[in-house]
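The listed protein sequences correspond, in order, to chains C and P. When the letters of the first sequence are read in order and numbered with numbering that gives the first Met the number 0, they come out as residues 0 to 625. When the letters of the second sequence are read in order and numbered with numbering that gives the first Met the number 0, they come out as residues 0 to 289. Cβ coordinates follow ideal geometry from the N, Cα and C atoms, glycine included. Only a predicted model underlies this, so the values are computations on that prediction, with no experimental measurement involved. Notes follow once the structure below has been shown.
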Amino acid sequence: MKLKFFEQPVLVFSVLTTLLLASSEAPHTTFGISILLILWKWISEQKGIPVLPRKVTGFLSVLLWAQVYLQYKSVLGQESSNALLLGMASLKIMDYENQRDHRFLIMIAFVMLSMKANFSIDVYWILPSLLAFLGLWWALLDPQFKSPLSLLLRVFLAASPIVMALFFIFPRFVVPWATQNSSDVSISGFSDKLDPGGVAELASSEALAFRAKFPRKVMTPDSLYWRGSVLLNSEGLRWTPSGSKQERMARDKDLRKDFDYEVILEPGSKGYLFTLDFPKSIDADKSGVFNLPHSVYRLSKPTLRAQSYRVIQSSESVDTEIPDERALEIPKLSPRVEAWVEDIKSKHQSPKQRLLALRRFFSDSNFVYTLNPGRYDKNELESFLFEKKRGFCEHFAGSFATLARALGLHSRVVVGYQGGLYNPFGDFWRVSQRDAHAWVEIFIDGRWMRNDPASWVAPLRINVGGQNFFSLTEEEQRTLAKSSSWTLLKDSEPKVWNAITLWIDDINYQWTYFLLNFDSESQKTLLAEFSKEMGLIFLSGVLLIVFLLYLLRRFSNPIYRRSKAERQLDKAIRWGESKGVRHEPSLPPFHYLDLLIEKFPEKRKELIFLKESYDSHVYKREEANS
Amino acid sequence: MPTRFGYVFGAMSFILLLMAIGYSNNVIYFYVFALIGVAMVSMFVTNQNVARCEIKAVQLPKLYANELITASLSIKNLGQSDSHFIELSFRGEKKEVSNLNKIKAKTERIAPVPFRPPQRGWNSLPKLELSSPFPFGLLRAWKLKLFNEEILVYPERKGVLEFPSASSLNDPTEKFGLFRDHRPYQSTDSPKHIDWKASSKGTDPYQKLLVKNFEGSEKPALMFDWEQTRDSGKFEDRLSQLSLWISKADEMGYEYSLSVAGFHTDSSSGSKHFEKCMKHLSLLREEDFI
Chain C
0 MKLKFFEQPV LVFSVLTTLL LASSEAPHTT FGISILLILW KWISEQKGIP VLPRKVTGFL
60 SVLLWAQVYL QYKSVLGQES SNALLLGMAS LKIMDYENQR DHRFLIMIAF VMLSMKANFS
120 IDVYWILPSL LAFLGLWWAL LDPQFKSPLS LLLRVFLAAS PIVMALFFIF PRFVVPWATQ
180 NSSDVSISGF SDKLDPGGVA ELASSEALAF RAKFPRKVMT PDSLYWRGSV LLNSEGLRWT
240 PSGSKQERMA RDKDLRKDFD YEVILEPGSK GYLFTLDFPK SIDADKSGVF NLPHSVYRLS
300 KPTLRAQSYR VIQSSESVDT EIPDERALEI PKLSPRVEAW VEDIKSKHQS PKQRLLALRR
360 FFSDSNFVYT LNPGRYDKNE LESFLFEKKR GFCEHFAGSF ATLARALGLH SRVVVGYQGG
420 LYNPFGDFWR VSQRDAHAWV EIFIDGRWMR NDPASWVAPL RINVGGQNFF SLTEEEQRTL
480 AKSSSWTLLK DSEPKVWNAI TLWIDDINYQ WTYFLLNFDS ESQKTLLAEF SKEMGLIFLS
540 GVLLIVFLLY LLRRFSNPIY RRSKAERQLD KAIRWGESKG VRHEPSLPPF HYLDLLIEKF
600 PEKRKELIFL KESYDSHVYK REEANS
Chain P
0 MPTRFGYVFG AMSFILLLMA IGYSNNVIYF YVFALIGVAM VSMFVTNQNV ARCEIKAVQL
60 PKLYANELIT ASLSIKNLGQ SDSHFIELSF RGEKKEVSNL NKIKAKTERI APVPFRPPQR
120 GWNSLPKLEL SSPFPFGLLR AWKLKLFNEE ILVYPERKGV LEFPSASSLN DPTEKFGLFR
180 DHRPYQSTDS PKHIDWKASS KGTDPYQKLL VKNFEGSEKP ALMFDWEQTR DSGKFEDRLS
240 QLSLWISKAD EMGYEYSLSV AGFHTDSSSG SKHFEKCMKH LSLLREEDFI
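Dropping the structure here:
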């Protein structure tokens, strides 16, 4: 018998959901072609126009393999296999006409569902993935089978202890191959250079960058300066990193239990490890960590997936690294800027005085802190400092550091994130791209000290964090930027919606945290604890499963389900009792109904109808079942 | 046993497990274990679906070699749950499968199961296979029913359909009873039994001549002899020809006698006579003619 794809709603839903989930990680062209093929199939099944012959789809499959190989240089990588599976599933839909195609398509969909987990382990994907998973099993059942949902629920329920046992007991091997899923594909987000407008562009996105948890300390947003990269090459407003050596850090396993804070990076972090000033030790589990100069850290290999790491802070929290001459290099300044520098230099001799003068210049010059400062060229210092005076953190940091160098102060720009949004449900900080930030470090008194010009221009931004600050209107940002209090603004947020958002974010955090950190070491700890209480846990588990299976059986069995006639009888009994006709439990239903007919002849018609209905729906069904 | 799809599913799960290990991805681990868990439970469901069904009895019609018949099988679901998509077939008859979509709990159903006996003579009834890939087609559970009884398979029916012209005894004592109805003319019928008037009334130009059927033994007795099959070919073909004639004569209610290799029967009819003749043909060996 010839099968039609679009005549099977459950299969269509499950396969299309799977394709949509996969498409978010696939190239747009592959996704576009897939949509076209599926549309073609749909029109073909509706209007009877021919589909592509199998020979053509076979040839297209070969082309697809070739294209994927040429594009990714491999067919086994994450993106390449995802694109390949997406294309193959669409071609299989085009071919779809028999039981073999049906099963092959379901098999591809099963694999594609698992591929999604390689890109994101967010809890938000779980519901559509679960529905698609259920639907794919449903589609494997014979279409003539009458109660698929009940069967599937029973099977899933019975399978759940097996799944749990396998998940917690199956040893987590550490294999030398493919432990990292790296990608050459660039992902928009944090970058280790400072272009005028670059950070502002990044901060216009609300996407999550990472979450951080401080089990020992209560933190405030203004203390959270997450350094990602240090830039030494000044081009005026533009800053770039200088090539520097990196050295691999030895792994410190003790950090699994004892750490100052833990960070969970979102997928696609490109290997940047964001730390507060200044880490003593970092552990990123199996992923190695490189230590770069200027207290900057990287994963040994960039990763596409989420990554967690733990950090111990240095007790001194200072960086005493002696700067070299590179920390004084500046581009050629315009005459007006040069004149300003010379003026300060002549007025103030000591580095500290010069630094104070520079700070005063930034705090007193009516600079406007804005996400839309207008365009600046890389060395347009003069225009920014003396004319437009509108900038975002990168403009302030870039110009501040360049001027500091011009004044003879060793300085460098640090890029990363500042602040975050605290989630009281999960006791963690959510740092998003909105918190992207740049600040300056000046070497003075034998150590590097943070100087954040944005904190003088817009203290509110630093005190409340980027996410809160940019939730204000532009007008509010302008008028409130100089204030340092947040309390006035707090109540303007709808509390319930806020709480729901925080709560959902907490669930996602817990989920991600659990999935990322459940490895061989956690497994050993869990099993050791489990073995202590094994008897009790096992017994409870078995009882729970038996109880759930009983409930499912009870409610899915038509014998136990009360029919309409039975419910009508209950109603009649309640009515009769309200009228004073007592119903003895031992009295057969018909006898009681006869009693009612006798007492209330005006209701005879309805009661006779109920008797007939009860007879045909209850008694005859019982007879049939027996 | 896993089906072919089951093997592919197993291979896919294994590859996904390798992927989970390789990427140390707990979501993929969970996903693979969910696939494996559901497959394991489905193994149990598949097994129970078949295990609770039992074949109670089998009824066979007359069996002719190489001739597809339908055996009636009584199958009972002894369990508390319904069984689904049960397939029934005799071993070696994979192409001839009977499907039962549902057998309700504690109920019995009659299922027609196709069967093609292989050769004439005494045979053992092949094992009956009761199987099902329910629910997901990953595995196929099966159980076999062994029948201890021997079955007698009559020779294959093939050859010329019309009775041999020399088979009619032309018994002068042929009697006529009361007219019952008409039937098509056979070559063995006496021409005087043809109802010419009734035959001419038919609107169908290709209608055969009609012969009157009378109550009582109005039909001519037939005599089947080994020699009448001389033109049929080899030994087995000659047996097949006789088998065809006898079964036809029995169906049409003729009296007949059989004379083969020293075996002679009187002219008679009825099931006992039929069984006697056919049993002889079924068990006949070429050596019996020497």
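Reduced DSSP secondary structure (H/G/I, E/B, other) of residue i
i, result
"P:H192", "helix"
"C:D363", "helix"
"C:Y224", "strand"
"C:P240", "coil"
"C:V198", "helix"
"C:I321", "coil"
"C:Y512", "helix"
"C:I443", "strand"
"C:K212", "strand"
"C:T369", "coil"
"C:R477", "helix"
"C:D141", "coil"
"P:T69", "strand"
"C:V217", "coil"
"P:E86", "strand"
"P:P183", "strand"
"C:L156", "helix"
Residue i versus residue j - alpha carbon distance
i, j, result
"P:L127", "P:R108", "16 Å"
"C:L75", "C:W39", "29 Å"
"C:M448", "C:S454", "14 Å"
"C:E320", "C:H293", "7 Å"
"C:Q179", "C:S364", "Caution is warranted here: a pLDDT of 46 is assigned to C:Q179, below 50, making its placement in the model unreliable, and no coordinate value can be reported."
"C:K346", "C:S190", "38 Å"
"C:I120", "C:D94", "32 Å"
"P:K157", "P:R229", "14 Å"
"C:P301", "C:S228", "15 Å"
"C:V67", "C:G287", "30 Å"
"C:F155", "C:I503", "26 Å"
"C:L479", "C:D426", "28 Å"
"P:K247", "P:F162", "9 Å"
"C:S241", "C:V295", "13 Å"
"P:R119", "P:A64", "5 Å"
"C:D518", "C:C392", "40 Å"
"C:I544", "C:F537", "11 Å"
"C:V317", "C:I311", "14 Å"
"P:E155", "P:S242", "7 Å"
"C:S233", "C:S333", "15 Å"
"C:E200", "P:V7", "48 Å"
"C:P142", "C:L63", "33 Å"
"P:M18", "C:S128", "18 Å"
"C:A709", "P:V40", "Nothing can be reported for residue 709 of chain C: it is not among the residues displayed for chain C, which extend from 0 to 625."
"C:L231", "C:L20", "42 Å"
Cutoff 6 Å; reference residue i; Cβ partners in own chain excluding five residues on either side
i, result
"C:M114", "N81"
Residues near residue i in its chain [Cβ-Cβ closer than 7 Å; skip 5 each side]
i, result
"C:E6", "none"
"C:R250", "D282"
Cβ neighbours of residue i in the same chain (closer than 8 Å, five flanking residues each side left out)
i, result
"C:E379", "P195, G235, L236"
"P:L129", "V49, C52, I54, I74, I85, E86, L87, W141, K142, L143, K144"
Report the residue ranges of all alpha helix (DSSP H) runs contained in full by the segment 535 to 604 of chain C; include only those spanning at least 4 residues, in chain order. 563 to 577, 588 to 598
For the segment 60 to 125 of chain C, which segments carrying the alpha helix (DSSP H) assignment without a break, of at least 4 residues, lie completely within its bounds, in sequence order? 77 to 94, 98 to 118
Could you please tell me which residues of the segment 95 to 112 of chain C, in chain order, have their CB closer than 8 Å to any CB of chain P? R102, M106, F109, V110, L112
Please specify which runs of the alpha helix (DSSP H), each continuous and at least 4 residues long, are wholly inside the segment 91 to 152 of chain P, giving them in chain order. none
Taking beta-carbon pairs under 9 Å, can you tell me which members of the segment 348 to 359 of chain C lie near chain P? none
Selection of the segment 23 to 36 of chain P by Cβ proximity to chain C, strictly under 8 Å: S23, N24, N25, V26, I27, Y28, F29, Y30, V31, F32, A33, L34, I35, G36
Just by C-beta distance, which residues in the segment 259 to 283 of chain C are closer than 7 Å to chain P? none
Using a Cβ cut-off of 7 Å, which residues of the segment 141 to 154 of chain C contact any Cβ in chain P, in chain order? D141, Q143, F144, L150, V154
Beta strand (DSSP E) segments (min. 3 residues) lying fully within the segment 236 to 299 of chain C: 260 to 264, 278 to 282, 288 to 291, 295 to 298
Just by C-beta distance, which residues in the segment 157 to 173 of chain C are closer than 9 Å to chain B? The chain labelled as chain B is not found among the protein chains of the depicted structure, namely C and P.
Where the segment 72 to 100 of chain P meets chain C: residues whose CB sits under 8 Å from a CB there: H83, F84, N100
Contacting positions in the segment 503 to 517 of chain C - beta carbon closer than 7 Å to chain P: L514, F517
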